[in-house]
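Enquirer: Quick note on our numbering: the sequence shown kicks off at 196 and runs consecutively.
No residue lacks a Cβ here, since even glycine has one placed at the ideal position from N, Cα and C.
Take this structure first; my questions come after.
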Amino acid sequence: MIIVHHLNNSRSQRILWMLEELGFEYDIRFYKRDADMSSPAKMRRIHSLGKSPILEDQDENGRPITLVETGAICEYLVDKAGGRMGPTNPNERILYRQFLHYSEGSVMPILFAALVASKIPLLGKLAARKVRAMMDVHLNFIETELSSRPWFAGEEITAADVMMSFPLEAAKARAGLGKEHSSTMAWIDRIHSRPAYRKALEKGGPYAFAN
196 MIIVHHLNNS RSQRILWMLE ELGFEYDIRF YKRDADMSSP AKMRRIHSLG KSPILEDQDE
256 NGRPITLVET GAICEYLVDK AGGRMGPTNP NERILYRQFL HYSEGSVMPI LFAALVASKI
316 PLLGKLAARK VRAMMDVHLN FIETELSSRP WFAGEEITAA DVMMSFPLEA AKARAGLGKE
376 HSSTMAWIDR IHSRPAYRKA LEKGGPYAFA N
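In structure tokens, the structure reads:
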């Protein structure tokens, strides 16, 4: 049985959605952030990094598997599902691979920088303007991409869309993603309307970025 160690309002919500899309059975272990918004220390009992998500499974010989990093977990689940939620043709494979890694490699660091800048008086205002300009470059790039196709890798939803959900939901809440990005906002509406997404929300509990 797959186990997801799930932290509230975190990247791990994407793994619950991914599992629902693929139809896997799984159990959830729930954790809440500490007062400083960090992961609770008890998560380090599962993995030394103490970060969420953590996925536990077994290989075909019954040996335990413990995985961290959302992108790696998504790729593992695509393989486990025989390629479902993965790319279906060579052109889609290129886009799929790009956006699977772009989510955490490019967008999330800027969102984190924006959050840090917002907490620093005076100097933070100047930093926030610079970070916002950087964020706008990415939001405009994403808007252009989604204006040409319904999903990040092509005509069908893939794990790349799952990966992009958290940064874009966070950008909508905190970093200027709005009605001027109509294709991106329509994409968010599409993912939020999916039965698997809604079921993952029911199982995972309150999630601040689903609005």
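Which residue or residues does DSSP assign as beta-bridge partners of residue 200?
Expert: In the sequence shown, residue 200 corresponds to position 5, counting from 1. Looking at the DSSP assignment, residue 200 forms a beta bridge with 224 and 249.
Enquirer: Please identify the residue among 218, 338 and 275 whose C-alpha is closest to the C-alpha of residue 254.
Expert: Counting from 1 along the sequence shown, the entry for residue 254 is found at position 59. The shortest C-alpha separation from residue 254 is found at 275.
Enquirer: Per DSSP, which residues does residue 261 bridge with? Please list them.
Expert: Within the sequence shown, numbered from 1, the residue matching residue 261 stands at position 66. For residue 261, which the question treats as bridged, DSSP gives the partners 251.
Enquirer: Cβ of residue 378 within 8 Å of Cβ of residue 351?
Expert: Walking along the sequence shown from the start, residue 378 turns up at place 183. Walking along the sequence shown from the start, residue 351 turns up at place 156. The answer is no: Cβ separation not under 8 Å.
Enquirer: Have a look at 210, 231, 393 and 216 and flag the residue whose alpha-carbon is nearest the alpha-carbon of residue 224.
Expert: By one-based count along the sequence shown, residue 224 stands at place 29. Of 210, 231, 393 and 216, the residue nearest in Cα terms is 210.
Enquirer: Spatial neighbours of residue 373 within its chain, please: C-beta separation below 8 Å, excluding the five flanking residues on both sides.
Expert: Taking the sequence shown and counting its residues from 1, the one referred to as residue 373 is at position 178. So the list reads 367 and 380, once near-sequence residues are dropped.
Enquirer: Tell me the DSSP secondary structure of residue 301 in three-state form.
Expert: Along the sequence shown, one-based indexing puts residue 301 at 106. Three-state DSSP puts residue 301 in a helix.
Enquirer: Between which residues of its own chain and residue 227 is the CB-CB distance below 8 Å, once the five residues before and five after are set aside?
Expert: Position 32 of the sequence shown, counting from 1, holds the residue named residue 227. Result list for residue 227: 202, 203 and 235, in chain order.
Enquirer: Please state whether the Cβ-Cβ distance between residue 280 and residue 305 is less than 8 Å.
Expert: Looking up residue 280 in the sequence shown gives position 85. Looking up residue 305 in the sequence shown gives position 110. Not closer than 8 Å, so no.
Enquirer: Report the rounded CA-to-CA distance for residue 395 versus residue 230, giving the unit in angstroms.
Expert: In the sequence shown, residue 395 corresponds to position 200, counting from 1. In the sequence shown, residue 230 corresponds to position 35, counting from 1. Taking the straight line joining both Cα atoms gives about 25 Å.
Enquirer: Are the Cβ atoms of residue 247 and residue 298 separated by less than 8 Å?
Expert: Walking along the sequence shown from the start, residue 247 turns up at place 52. Walking along the sequence shown from the start, residue 298 turns up at place 103. For residue 247 and residue 298, no; Cβs fall outside 8 Å.
Enquirer: Would you mind sorting residue 323 into buried or exposed? The rule is 16 or more other CB atoms within 10 Å of its CB.
Expert: Your numbering for residue 323 matches position 128 in the sequence shown. Counting Cβ neighbours within 10 Å, residue 323 comes out buried, since at least 16 surround it.
Enquirer: Between which two residues does the alpha helix (DSSP H) holding residue 379 run?
Expert: The residue given as residue 379 occupies position 184 in the sequence shown. Here the alpha helix (DSSP H) through residue 379 covers 377–387.
Enquirer: With C-beta atoms as the reference, is residue 214 less than 8 Å away from residue 272?
Expert: In the sequence shown, residue 214 corresponds to position 19, counting from 1. In the sequence shown, residue 272 corresponds to position 77, counting from 1. The answer is yes: Cβ separation under 8 Å.
Enquirer: For a quick check, are the C-beta atoms of residue 355 and residue 348 less than 8 Å apart?
Expert: In the sequence shown, the residue the question calls residue 355 occupies position 160. In the sequence shown, the residue the question calls residue 348 occupies position 153. Closer than 8 Å, so yes.
Enquirer: State the DSSP-derived secondary structure class of residue 361, mapped to helix, strand or coil.
Expert: As a position in the sequence shown, residue 361 is number 166, starting the count at 1. DSSP places residue 361 in helix when its eight states are reduced to three.
Enquirer: Could you tell me if residue 259 is buried or exposed, where buried requires 16 or more neighbouring beta carbons within 10 angstroms of its beta carbon?
Expert: Position 64 of the sequence shown holds residue 259. Exposed, by the Cβ-count rule.
Enquirer: Express the C-alpha separation of residue 216 and residue 369 in angstroms, rounding to a whole number.
Expert: Position 174 of the sequence shown, counted from the first residue, corresponds to residue 369. Position 21 of the sequence shown, counted from the first residue, corresponds to residue 216. Straight-line Cα distance between these residues: approximately 27 Å.
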